[in-house]
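**Q** Numbering-wise (my numbering), the sequence shown opens with residue 5 and increments by one.
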Amino acid sequence: MLVLAACGESQATPAPSAHPAAPPATSHAAPRRAAADPGPARPLVGDPAHTAALTRVWIATAVDDGPAEAGPIRARAGQRVTLFAVLEAGAATYSDAPRLRRGRAIVSPRPLAAAPGAELRWAKVEPEAANLSNTTSGSFRFEAIPYRAVDLPAAAGHGHVAADVHPTLTPDHGHGLGTMRFQLEARQGERVVRSPGADSRRGRGAGGLSADVHRVSIRRDDTFLGYLTEMYGQPYIWASAGTSPNNHQSEHLEGSDCADLMVY
5 MLVLAACGES QATPAPSAHP AAPPATSHAA PRRAAADPGP ARPLVGDPAH TAALTRVWIA
65 TAVDDGPAEA GPIRARAGQR VTLFAVLEAG AATYSDAPRL RRGRAIVSPR PLAAAPGAEL
125 RWAKVEPEAA NLSNTTSGSF RFEAIPYRAV DLPAAAGHGH VAADVHPTLT PDHGHGLGTM
185 RFQLEARQGE RVVRSPGADS RRGRGAGGLS ADVHRVSIRR DDTFLGYLTE MYGQPYIWAS
245 AGTSPNNHQS EHLEGSDCAD LMVY
């Protein structure tokens, strides 16, 4: 029964927290690339009078009341998973996250309200195909997985959002379980700074994105089958592979075939 299910087409109230409530990172509008026409002005975050240039933006995610970190993030269904915008200007770091993990250190960032003024946009970075094959060319090779950045209009201008792993470009078999990648963009007039997205590739021995692209996985529970639900939202890849067992495409949650589900 397990093999048959694996080879088919991939298909509690939280406790009060110090973390601010986050709006959902939902995407009900027609998908569009994050780098498309800027459109109407978005609400600013930070202090408009603070005009220092942002040098880096990135995403840190907190699970329940834990420190926010760059990830990759893994959580169980029912846990509170919150994505926080992190803005850097020189040596200063700004975020709504109460605590940030940076390497082995836990730091308290400056409040986002004190950051240089900027428009914030969030996007999901999604695979565009539900089924792929590494033998499409007639012989084996790592085929590039097509990805697209899908804008999240409801999240624009928010310094933190609730993680939403529902895919919008492929069938939603997980219904709130699975893996999703995210991108953050900050605009200061004509200046645009983004976290890594659809063009940040893993390179040799892979078809997917690098670990620099923020990744969140939500599983059903801690059972074997529960961990397999992390694979929802990623493509079925016939003849998925890797340069080593620990560097396999399935271990990077970029895709898998039915054999991988037996050893994940």
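All residues carry an ideal CB built from backbone N, CA and C; glycine is no exception.
1) Mind checking S254: buried by the 16 CB within 10 Å criterion, or exposed?
2) If I measure Cβ to Cβ from G259 and keep anything under 6 Å in the same chain, skipping five residues before and after, which residues do I get?
3) Using the Cα positions of V169 and E130, report the straight-line distance between them to the nearest angstrom.
4) Less than 9 Å between the beta carbons of F88 and A127, yes or no?
5) Can you give me the C-alpha to C-alpha distance between R105 and E132, rounded to a whole angstrom?
6) In this structure, does DSSP put H32 in helix, strand or coil?
7) So, for A56: in the same chain, excluding its five sequence neighbours on each side, which residues have a beta-carbon less than 6 Å away from its beta-carbon?
8) Look at the Cβ atom of D90, then the Cβ atom of I110, and state whether they are nearer than 9 Å.
9) Short of 6 Å in beta carbon distance, which residues of its chain neighbour A167, apart from the five on each side in sequence? Order them along the chain.
10) Excluding sequence positions up to five away, which residues of its chain have a Cβ less than 8 Å from the Cβ of G193?
**A** The answer reads as follows:
1) Residue environment analysis places S254 among the buried positions, since at least 16 neighbouring C-beta atoms fall within 10 angstroms of its C-beta.
2) The answer, listed in chain order, is Q238, P239, I241, S244, Q253.
3) Cα to Cα, the separation comes out at about 10 Å.
4) Going by C-beta atoms, F88 is not nearer than 9 Å to A127.
5) Roughly 32 Å separates the two Cα atoms.
6) Unreliable placement is indicated for H32, whose pLDDT of 40 sits below 50; no coordinate value is reported for it.
7) Cβ within range, chain order: A93, P120.
8) First, the residue type needs correcting, since residue 90 is Val and not Asp in the sequence shown. Contact flag unset, no.
9) Cβ neighbours of A167 beyond the five flanking positions: V85, L87, V220.
10) Cβ neighbours of G193 beyond the five flanking positions: none.
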